[in-house]
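Chemist: So the protein lines, in turn, are chains D and L. Position one of the first sequence corresponds to residue -18 (our numbering), numbered consecutively onward. Position one of the second sequence corresponds to residue 55 (our numbering), numbered consecutively onward. For glycine and all other residues, C-beta sits at the position ideal for the given N, C-alpha and C. Here the structure is a predicted model, which is why all the values come from computation and not from measurement.
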Amino acid sequence: MSELTTRLAVLARHRLFWPAAVLVALLAANVAYRPSFLSIELRDDHLYGSVIDIVRLSAPLILVALGMTLVIATGGIDLSVGSVVAISGAVACLWISELDDQNSVGGVLVALGLALALALVLGAWNGFLVAGLGIQPIIATLILMVAGRGLSQLITQGQIITINSAPYKLIGAGYWLTLPFSILIVAVVAALAVLITRRTALGLIVEAVGGNAEASRLAGIRSRRFTFMVYVVCGLCAGIAGFMMTSNVSSADGNNAGLWVELDAILAVVIGGTSLSGGRFSIGGTILGALVIQTLTTTVYAMNITPQTSLLFKAIVVIAVCLIQAPAFRAAVTRWRRTPTPAAAPAPAATEVRA
Amino acid sequence: MTTTTATIARGAAVKRYLPVLATGFLLLVMYAVGVSQYRAFSNVQVVFNVFIDNGFLLVVAVGMTFVILTGGIDLSVGSVVAMTAMVSAWLLGEHSLHPALVIVIALLIGPTLGFVMGCIIQFFEIQPFIVTLAGMFFARGMCTFISSSSVPITDPFWTSAAQARIRFGEDNFISPSVIIALAVVAIAWYVLAYTGLGRNVYAIGGNQQSAALMGLPVARTKIAVYTISGLCSAVGGLLLSFYTLSGAPLIGVGMELDAIAAVVIGGTLLSGGSGYVLGTVLGVLVLGVIQTLITFDGTLSSWWTKIVIGGLLFAFILLQRLIGTRRS
Chain D
-18 MSELTTRLAV LARHRLFWPA AVLVALLAAN VAYRPSFLSI ELRDDHLYGS VIDIVRLSAP
42 LILVALGMTL VIATGGIDLS VGSVVAISGA VACLWISELD DQNSVGGVLV ALGLALALAL
102 VLGAWNGFLV AGLGIQPIIA TLILMVAGRG LSQLITQGQI ITINSAPYKL IGAGYWLTLP
162 FSILIVAVVA ALAVLITRRT ALGLIVEAVG GNAEASRLAG IRSRRFTFMV YVVCGLCAGI
222 AGFMMTSNVS SADGNNAGLW VELDAILAVV IGGTSLSGGR FSIGGTILGA LVIQTLTTTV
282 YAMNITPQTS LLFKAIVVIA VCLIQAPAFR AAVTRWRRTP TPAAAPAPAA TEVRA
Chain L
55 MTTTTATIAR GAAVKRYLPV LATGFLLLVM YAVGVSQYRA FSNVQVVFNV FIDNGFLLVV
115 AVGMTFVILT GGIDLSVGSV VAMTAMVSAW LLGEHSLHPA LVIVIALLIG PTLGFVMGCI
175 IQFFEIQPFI VTLAGMFFAR GMCTFISSSS VPITDPFWTS AAQARIRFGE DNFISPSVII
235 ALAVVAIAWY VLAYTGLGRN VYAIGGNQQS AALMGLPVAR TKIAVYTISG LCSAVGGLLL
295 SFYTLSGAPL IGVGMELDAI AAVVIGGTLL SGGSGYVLGT VLGVLVLGVI QTLITFDGTL
355 SSWWTKIVIG GLLFAFILLQ RLIGTRRS
């Protein structure tokens, strides 16, 4: 018994424990509400099921959050990802809508290339402001967040561009090897990110820059170059996410595409245990965080609550997770527990999530 | 000797006011462009309309100035504005409460939320960005929780407040909301320039550790600025409900960005410690005049507003950066 509690205590200290616990609690709540929730079936060689849907719908968020994780790891933040999502989706859809044959693979590839190049330029612009001019990241990226939304509306002329292109549709809504194609893209990008950051020194360097940019520069790391690079990578990730979102609905809406995705991405990163002050990051945590956010949204939908009320639940989860991870709060709770009144506090996360 | 000191002091003062002066100059240039392009632009009512249409933003941006001066940020303001308008509309319509009581309740919600956020930021050392983000989600969620569609306001006090006109001469007028907004500006200016709280705000924004070592009440001041920001958002929400005569779950989306942009364009450093309420007023006016210019032009679409604001943000941040580098 005591061995079990020690093991549990060790487990609880793992930094992925709380996000995972929240995810499990959410899934359990869903199963309690609808027992068939976890079932997955094979239909027309495609896998179907609520869980698959959650993963498919969270794919763009995971991508954006992966880029955001690296930016936050360097101690920065990128508020412009939502605008980049909208711009890249708008450019791709505009190009495809003007093709003679919207189903031509070549034309779609050119559209993707163009949009990605633009996303790269936008990321480089952010990187230039932060690393080159030394402007605070939150302000530097605020510029593109405001102006970028205007740019995406300029590209679509304020209209919703509708397209009918089978190859483009594949990105967000298609299936390959029985799995949704978007999940495969995310899996590849995530695997690449893990390989590059954990099998090479790159991850360590990014963490070093985030821990103390000046110290890492004195240690011989070209910290500015790496800071610049993470913003470019973040822009690219947002660009690909833009394809997924617009492909899923076969249309680009410059006004609403990717709206508030920057906030969700930051939340995913924070829920995943990456500190906003930089210096450490966890890609697995971010993916868990994004899944938590999407599961929460799906749960709220499934329980027939007004969609936007999900914001209320998001607020509660965010504050709960942040408090649990905050050293000051943990210290306060421990102090409180030591006082003799044993009407001890139940674990805050578990109660508040089900509320 | 004395002359050099005086020159240095004057130089420092000029440098300190340079961002505000730049904003004022920009405002004049934009107004001159408007007057030279469109005949009706020189009408005094155009200026009054900028105030009428942006009174609520002015109040919200003043609250944001306090927070940003301490080096923090408040993302919840737009949602708190919406929540205040929503709760007012709901209490007036569904519960037929007395208008005075509704105003008191509406003015309590914002500061309470601000106080709670300030406490979490201060005592649990969680970043303002995340805490106020949660506050934003919370307030926005509360709006839809109350009603998922727009709630009209038919209360006689509200409609009279919406329709009242304070006339200047034959055909120029302002609404009572403008008076309230300007009163908030005056109070904020007094508090920041002449009270202990104002001095503490600047000191904490300059260097929090030094402020703490000097024995300034850091915790109390930081909680106070988020409470003030919440109060300003609540006032802004009331003004907006006078303006639109309704509460809707999606009003004020993105207002926090407008407020932050106004503060930055007004020359307040986002790292805290330097800036003036007057700058924020000018910043709001710049945003308002951009909007007016685009409306007058007629061929430009609304998205140009965002692109121009983005460009201005860039220009002013660059300006601040240049001044900052020279100083250090």
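What number of angstroms, rounded off, separates the C-alpha of T276(D) from the C-alpha of A9(D)?
Modeler: For T276(D) and A9(D), the distance between alpha carbons rounds to 11 Å.
Chemist: Smallest Cα separation from V134(L): which of G189(L), S202(L) and V239(L)?
Modeler: If we check each option's Cα against that of V134(L), G189(L) comes out closest.
Chemist: For the alpha helix (DSSP H) containing D34(D), list its first residue and its last residue.
Modeler: D34(D) -> alpha helix (DSSP H) spans S31 to A54.
Chemist: At a CB-CB cut-off below 8 Å, which residues of chain L make contact with V251(D)?
Modeler: What V251(D) touches in chain L: I184.
Chemist: Against chain D, does T208(L) count as a neighbour if the rule is that its beta carbon must be under 8 Å from one of theirs?
Modeler: Chain D contact via Cβ: absent.
Chemist: Along the chain, which unbroken stretches of the alpha helix (DSSP H) at least 4 residues long are found entirely within the stretch 89 to 134 of chain L?
Modeler: With a minimum length of 4 residues, the continuous alpha helix (DSSP H) runs that stay inside the stretch 89 to 134 of chain L are 98 to 123.
Chemist: Under 9 Å, CB to CB, which of the residues in the stretch 123 to 135 of chain D have a partner in chain L?
Modeler: Result list: L123, I124, L125, M126, V127, A128, G129, R130, G131, L132, S133, Q134 and L135.
Chemist: Quick one: using the 10 Å Cβ neighbour count with 16 as the cut-off for buried, is R335(D) buried or exposed?
Modeler: Reliability fails at R335(D), whose pLDDT of 38 lies under 50, so the model's placement of it is uncertain and the value that follows must be treated cautiously. Per the 10 Å Cβ criterion, exposed.
Chemist: Going by the DSSP bridge assignment, what does N193(D) pair with across the sheet?
Modeler: Answer by DSSP bridge pairing: none, since N193(D) is not bridged.
Chemist: Taking CB distances under 8 Å as the criterion, tell me whether S300(L) reaches chain D.
Modeler: Output row for S300(L): interface = no.
Chemist: Can the beta-carbon of T267(D) be found closer than 8 Å to that of R261(D)?
Modeler: Cβ atoms of T267(D) and R261(D): not closer than 8 Å.
Chemist: Give me the subset of the stretch 161 to 190 of chain L whose CB atoms are less than 9 Å from a CB atom of chain D, sorted by chain position.
Modeler: For the stretch 161 to 190 of chain L, which is checked against every Cβ of chain D, the residues closer than 9 Å are I174, F177, F178, E179, I180, Q181, F183, I184, V185, L187, A188, G189 and M190.
Chemist: Tell me which residues of the stretch 271 to 301 of chain D have at least one Cβ-Cβ distance to chain L shorter than 7 Å, keeping chain order.
Modeler: So the close ones are T287, Q289, T290, L292, L293, K295, A296, V299 and I300.
Chemist: Could you pull the start and end residues of the beta strand (DSSP E) that S232(D) belongs to?
Modeler: Here the beta strand (DSSP E) through S232(D) covers S232 to D234.
Chemist: Could you check what DSSP says for I371(L) in three-state terms: helix, strand or coil?
Modeler: Note: I371(L) maps to helix in three-state DSSP.
Chemist: How should W106(D) be labelled, buried or exposed, when 16 other C-beta atoms within 10 angstroms of its C-beta is the threshold for buried?
Modeler: Buried.
Chemist: Any heavy atom of the ligand MG closer than 7 Å to the beta-carbon of V158(L)?
Modeler: With respect to small molecules bound, the structure shown includes none, and the ligand MG cannot be examined in it.
Chemist: Is L(-3)(D) helix, strand or coil by DSSP?
Modeler: Coil, per DSSP.
Chemist: Indicate whether at least one CB of chain D lies closer than 8 Å to the CB of L311(L).
Modeler: Taking Cβ atoms only, chain D reaches closer than 8 Å to L311(L), which makes this a yes.
Chemist: Determine the closest residue to I282(L) out of F192(L), M140(L), L123(L) and K360(L), with distance taken between C-alpha atoms.
Modeler: With distances taken between Cα atoms, I282(L) lies closest to L123(L).
Chemist: Would you mind telling me which residues of chain D sit closer than 8 Å to M196(L), beta carbon to beta carbon, in chain order?
Modeler: In chain order: L293.
Chemist: One question on the structure: do A115(L) and A316(L) come within less than 8 Å of each other, judged by their Cβ atoms?
Modeler: Taking 8 Å as the Cβ cut-off, A115(L) and A316(L) qualify as a contacting pair.
Chemist: Any residues in the stretch 338 to 359 of chain L with a beta carbon nearer than 9 Å to a beta carbon of chain D? Which ones, in chain order?
Modeler: For the stretch 338 to 359 of chain L, which is checked against every Cβ of chain D, the residues closer than 9 Å are S355, S356, W357, W358 and T359.
Chemist: Does the stretch 148 to 156 of chain L come close enough to the stretch 299 to 308 of chain L that 3 or more CB-CB pairs lie under 8 Å?
Modeler: No: fewer than three Cβ pairs fall under 8 Å.
Chemist: Can you find a CB in chain L that lies within less than 8 Å of the CB of L257(D)?
Modeler: So, interface residue.
Chemist: Ignore the nearest five residues each way along the sequence and tell me which others in T213(L)'s own chain have a CB closer than 8 Å to its CB.
Modeler: Cβ within range, chain order: I207 and L299.
Chemist: For E22(D), list the residues DSSP reports as bridge partners.
Modeler: Answer by DSSP bridge pairing, in chain order: Y29(D).
Chemist: Please identify, using Cβ separations under 8 Å, the residues of the stretch 316 to 329 of chain L that lie next to chain D, in order along the chain.
Modeler: The stretch 316 to 329 of chain L vs chain D, Cβ under 8 Å: V318, L324 and S325.
Chemist: Residues in its own chain within less than 6 Å of D82(D) by CB, not counting five upstream and five downstream?
Modeler: Hits under 6 Å: none found.
Chemist: Kindly say whether A92(D), judged by its beta-carbon, lies nearer than 8 Å to any beta-carbon of chain L.
Modeler: Chain L, which has no Cβ nearer than 8 Å to the Cβ of A92(D), makes this no.
Chemist: Is the distance from the Cβ of Y29(D) to the Cβ of M284(D) below 8 Å?
Modeler: Contact: no.
Chemist: Let's see if you can read the secondary structure: which residues bound the beta strand (DSSP E) around N226(L)?
Modeler: Segment N226 to I228, the beta strand (DSSP E) holding N226(L).
Chemist: For the alpha helix (DSSP H) that T143(D) lies in, which residues bound it at each end?
Modeler: Unbroken run through T143(D) is the beta strand (DSSP E), I141 to T143; no alpha helix (DSSP H).
Chemist: Taking DSSP as the reference, what is the three-state secondary structure of P206(L)?
Modeler: Strand.
Chemist: Reducing DSSP to helix, strand and coil, say where G301(L) ends up.
Modeler: If DSSP states are grouped into helix, strand and coil, G301(L) belongs with the strands.
Chemist: Given that G364(L) touches chain D, what residues does it touch there, using C-beta distances under 9 Å?
Modeler: Those are L123, I124, L125, M126, V127, A128, G129, R130, G131 and L132, listed as they occur along chain D.
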